[in-house]
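Participant: Residue numbers (numbering that gives the first Met the number 0): 0 to 571. I am attaching a structure below and will ask some questions about it afterwards.
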Amino acid sequence: MKISKEYRMKKKILVVLSLVGILATSIPAPDVQAAWKVTDQGRQYTTNSTLGYATGFKKIKGNWYYFDKQGIMKTGWVYTDRQWYYLRANGKMAKNTWIGNFYVTADGSMARNTRVNGVEFDAYGNKVLSSSGDSGTSSYSKKKKNGWYQSKSEKTWYYYNDQGVKAKGWLTLPNGKYYLDPDTGAMETGFTKIGRSSYYFNKSTGKMQTGWYKVGRKRYYSSKSGIVKKNRWLSKKTMYAGKKGAMVTGWATIKGERYYFSPSTAKKVTGWQKLDDKWYCFDKNGVMAKNKWMTYGPTRKKCYLQSDGSMASSQWVGKYHVSASGYRDGQTRTKGLFYENGKTYYNDKKYNKVTGWVTVDSKRYYFGSDFAAVKGWQTIDNKRFYFDLNGVMQTGLLDIGTHTYYFNTDGSMVASATIMVNGVAYTFDADGAYIDPDIPADATKGEQIAAYAKKFRGNPYVWGGTSLTNGADCSGFTMSVMKHFGISIPRVAEDQANGYSPWGGIYNKGKSVIPDERHLLPGDLVFYYSPVGHVGIYIGNGQIIHASNATTGIIISDFDYTTPVSAMRYWA
Numbered sequence: 000m001k002i003s004k005e006y007r008m009k010k011k012i013l014v015v016l017s018l019v020g021i022l023a024t025s026i027p028a029p030d031v032q033a034a035w036k037v038t039d040q041g042r043q044y045t046t047n048s049t050l051g052y053a054t055g056f057k058k059i060k061g062n063w064y065y066f067d068k069q070g071i072m073k074t075g076w077v078y079t080d081r082q083w084y085y086l087r088a089n090g091k092m093a094k095n096t097w098i099g100n101f102y103v104t105a106d107g108s109m110a111r112n113t114r115v116n117g118v119e120f121d122a123y124g125n126k127v128l129s130s131s132g133d134s135g136t137s138s139y140s141k142k143k144k145n146g147w148y149q150s151k152s153e154k155t156w157y158y159y160n161d162q163g164v165k166a167k168g169w170l171t172l173p174n175g176k177y178y179l180d181p182d183t184g185a186m187e188t189g190f191t192k193i194g195r196s197s198y199y200f201n202k203s204t205g206k207m208q209t210g211w212y213k214v215g216r217k218r219y220y221s222s223k224s225g226i227v228k229k230n231r232w233l234s235k236k237t238m239y240a241g242k243k244g245a246m247v248t249g250w251a252t253i254k255g256e257r258y259y260f261s262p263s264t265a266k267k268v269t270g271w272q273k274l275d276d277k278w279y280c281f282d283k284n285g286v287m288a289k290n291k292w293m294t295y296g297p298t299r300k301k302c303y304l305q306s307d308g309s310m311a312s313s314q315w316v317g318k319y320h321v322s323a324s325g326y327r328d329g330q331t332r333t334k335g336l337f338y339e340n341g342k343t344y345y346n347d348k349k350y351n352k353v354t355g356w357v358t359v360d361s362k363r364y365y366f367g368s369d370f371a372a373v374k375g376w377q378t379i380d381n382k383r384f385y386f387d388l389n390g391v392m393q394t395g396l397l398d399i400g401t402h403t404y405y406f407n408t409d410g411s412m413v414a415s416a417t418i419m420v421n422g423v424a425y426t427f428d429a430d431g432a433y434i435d436p437d438i439p440a441d442a443t444k445g446e447q448i449a450a451y452a453k454k455f456r457g458n459p460y461v462w463g464g465t466s467l468t469n470g471a472d473c474s475g476f477t478m479s480v481m482k483h484f485g486i487s488i489p490r491v492a493e494d495q496a497n498g499y500s501p502w503g504g505i506y507n508k509g510k511s512v513i514p515d516e517r518h519l520l521p522g523d524l525v526f527y528y529s530p531v532g533h534v535g536i537y538i539g540n541g542q543i544i545h546a547s548n549a550t551t552g553i554i555i556s557d558f559d560y561t562t563p564v565s566a567m568r569y570w571a
């Protein structure tokens, strides 16, 4: 078959096109071309190595540019790698030129701590001027300008602009802000109040502080505008600036709540803390817990935090007792009267010990400043009271020591008055003691004993009794009469005759007396029967008073109504 020349040409073209297609699918695409892009945030520059954008310094067509982390081109002053650079409005880095009062070198960095073309620059890029205003170049030797000037006489710094005018008030430089006295132009340092706000300017450089900084051992915080923060929470409410701006350390009361701030970090503490050998608990907000029961430790035992926040130990808290370790130890108590270490106390309905007057079952008590019920003689609100050994207030006639007293129904003692008691007149002296009209002022102790004993004539006899009014047996009667005068004798008649008791005890020493009228004196004890089985008190004139029997009670008889066997004198 004869193939035409035209057909052969078409076939060659198809083969070529097929090869081109194959190559097109196997050869990589060309690199993305670098290019500028304008966005709402600013200008960006694509690289020719990746699909991203340039960041940091980038040299483009012989000029250096700077892009932030988002790839946006920066202009103006930029601080990076501990150096200042200046990017013009078109983004190109400035070199070997003055930018305002500052000079950028051949690598674009601000001249600092160096000399360029005879001009000396300090650590902040400021031109250093001598006291005469000499900057090192003839152009600044005649007039102070474009830099700081320190007065040798005052050691004070001033700043002059490029016109040679002394700056005053706020001064903003690339390395920070300064404040110059509005009147003198002197650079301020330290804490300075401007308007209604406080600022802090570094004492060495005069630069306004922002953020966190230390002055001495104290920490402070100033806002971006330099205002010292005071009386407010900072650092996510973990630190607190006090009324002068210093971060609070140690204990602090803020809006009525107690907090504790670490002395080392100035941060508030939370949870359980041991401070000055005492345990405290602070909630998640740092507020000190107080006046409440809480659980502590892995055992979750109950402990109590007192009004000052410290854990209670070795004491009662309401109904419960806490041990030395601060935990409840299982001891509990009830409301009302209770006894502890020989003393009487009273708990109110909240289990708190009370002071002052309390009536319990018609009995009156008075609890002193130590919370214990008072005993014996007491002066309360300028009145005299008497309380027994259990703390119960006494009323009515009462023998105390060698005297008789009378206490009104409110417990107050009668003094310097004559009153009627059960139809009998009683006179009491200024000290409240009963004045017996039957006892002469010069009466002996024995005569006083005899006179006192006769007062109970007619009262009942009670075997085993010792009450002078409600009933006593013979030896109970003599023992109680003697007790009124502070004389201690045995309980049983035979022991009273011997002067001692086989059961022991401390008694007054007695003197044996011949039991006849010639030797007996009022107040002596006279004993009868053998062995001794009865006793009476000699009252003079050959008579005794004695608790005779259940039929006659306490009566007066002749001392020899039956034969006396012995006598004892305890009062002399």
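Backbone N, C-alpha and C define an ideal beta-carbon position, used for all residues, glycine too.
Using the C-alpha atoms, what's the distance from S547 back to F526?
Facilitator: C-alpha separation (whole angstroms): 13 Å.
Participant: What's the gap between the Cα of M478 and the Cα of T403?
Facilitator: Rounded to whole angstroms, M478 to T403 spans 17 Å at the Cα level.
Participant: With a Cβ-Cβ cutoff of 8 Å, do D430 and A414 count as a contact?
Facilitator: Taking 8 Å as the Cβ cut-off, D430 and A414 qualify as a contacting pair.
Participant: Does the Cβ of R218 have 16 or more other Cβ atoms within 10 Å, making it buried, or fewer, making it exposed?
Facilitator: So R218 counts as buried.
Participant: Please name the residue in G329, P563, W292, K228 whose C-alpha comes closest to that of I513.
Facilitator: Minimum Cα distance to I513 is reached at P563.
Participant: Which residues in the same chain as E187 place their Cβ atom closer than 6 Å to its Cβ, once the five residues preceding and following it in sequence are excluded?
Facilitator: Excluding positions up to five away in sequence, the list reads Y178, F200.
Participant: Check for me: the alpha helix (DSSP H) holding A450 runs from which residue to which?
Facilitator: Counting along the chain, the alpha helix (DSSP H) containing A450 begins and ends at 444–453.
Participant: Starting from the Cα of N95, find the closest Cα among M109, A492, Y364 and give me that residue.
Facilitator: It is M109 whose Cα lies nearest to the Cα of N95.
Participant: Given a cut-off of 8 Å, decide if A122 and R111 are closer than it, judged by their beta-carbon atoms.
Facilitator: Cβ distance < 8 Å, so R111 and A122 count as in contact.
Participant: Beta carbon of G626, beta carbon of G457: below 8 Å?
Facilitator: In the structure displayed, the chain extends from 0 to 571; residue 626 sits before or after that span and is not available.
Participant: Check whether the Cβ atoms of N507 and I486 lie closer than 8 Å to each other.
Facilitator: Closer than 8 Å, so yes.
Participant: Do you know offhand how far K266's Cα is from Q40's?
Facilitator: For K266 and Q40, the distance between alpha carbons rounds to 39 Å.
Participant: If you pair each beta-carbon of the stretch 362–375 with each one of the stretch 412–426, do three or more pairs fall below 8 Å?
Facilitator: Output reads no: the stretch 412–426 does not touch the stretch 362–375.
Participant: According to the Cβ coordinates, are G541 and D523 closer than 8 Å?
Facilitator: Not closer than 8 Å, so no.
Participant: Looking at the unbroken beta strand (DSSP E) that takes in M293, where does it start and where does it end?
Facilitator: Where M293 is concerned, the enclosing beta strand (DSSP E) stretches over 291–295.
Participant: Using a Cβ-Cβ cutoff of less than 6 Å, which residues in the same chain neighbour R383 once the five nearest sequence positions on both sides are dropped?
Facilitator: Around R383: M412.
Participant: Identify, in the order they occur along the chain, each residue of the same chain with its Cβ nearer than 6 Å to the Cβ of P459, setting aside the five sequence neighbours on each side.
Facilitator: Excluding residues within five positions, the ones whose Cβ falls inside 6 Å are G470, G552.
Participant: Which residue or residues does DSSP assign as beta-bridge partners of N381?
Facilitator: DSSP, once it has assigned bridges, lists no residue as partnering N381.
Participant: Could you round the C-beta distance between S309 and S324 to whole angstroms and report it? I think they count as a contact, below 8 Å.
Facilitator: No, S309 and S324 are not in contact; Cβ-Cβ is about 14 Å, not under 8 Å.
Participant: So what's H650 in DSSP terms, helix, strand or just coil?
Facilitator: In the structure as shown, the chain starts at 0 and stops at 571, and residue 650 therefore has no counterpart that could be examined.
Participant: What did DSSP end up calling T252 once you bin it into helix, strand or coil?
Facilitator: It is a strand residue.
Participant: Assuming E339 is part of the beta strand (DSSP E), what are its boundary residues?
Facilitator: First-last of the beta strand (DSSP E) with E339: 335–339.
Participant: How many angstroms separate the CA atom of A452 from the CA atom of D347?
Facilitator: Whole-angstrom Cα-Cα distance: 45 Å.
Participant: Could you tell me whether the Cβ atoms of K167 and G184 are closer together than 8 Å?
Facilitator: Contact flag set, yes.
Participant: Given this structure, state the Cα-to-Cα distance separating D67 from R216, to the nearest angstrom.
Facilitator: One C-alpha to the other measures close to 37 Å.
Participant: Run through the stretch 502–553 for me and flag every whole beta strand (DSSP E) of 3 or more residues, listed as ranges in chain order.
Facilitator: Within the stretch 502–553, the complete beta strand (DSSP E) runs of at least 3 residues are 510–512, 524–527, 533–539, 542–548.
Participant: Would G55 and Y44 qualify as a contact pair, given that the criterion is a beta-carbon distance under 8 Å?
Facilitator: Against a cut-off of 8 Å, the Cβ pair of Y44 and G55 comes out as no contact.
Participant: Please report the distance separating the alpha-carbon of N381 from that of K243.
Facilitator: Roughly 53 Å separates the two Cα atoms.
Participant: Check for me: the alpha helix (DSSP H) holding N497 runs from which residue to which?
Facilitator: From DSSP, the alpha helix (DSSP H) with N497 extends over 492–497.
Participant: Determine the contact status of Y159 and K165, defining contact as a CB-CB distance below 8 Å.
Facilitator: Taking 8 Å as the Cβ cut-off, Y159 and K165 qualify as a contacting pair.
Participant: Indicate the three-state DSSP secondary structure (helix, strand or coil) for L304 in the structure shown.
Facilitator: Reduced to three states, the DSSP call for L304 is strand.
Participant: Of all the beta strand (DSSP E) runs that stay within the bounds of the stretch 171–204, which reach a length of 3 or more residues?
Facilitator: Here the runs fully enclosed are 175–179, 189–193, 196–200.
Participant: From K352 to K318, what distance separates their C-alpha atoms?
Facilitator: In a straight line, the C-alpha of K352 is about 11 Å away from that of K318.
Participant: Whole angstroms is fine: what's the gap from Y350's alpha carbon to G255's?
Facilitator: Whole-angstrom Cα-Cα distance: 27 Å.
Participant: L86 lies in the beta strand (DSSP E); which residues open and close that run?
Facilitator: 82–86 is the extent of the beta strand (DSSP E) around L86.
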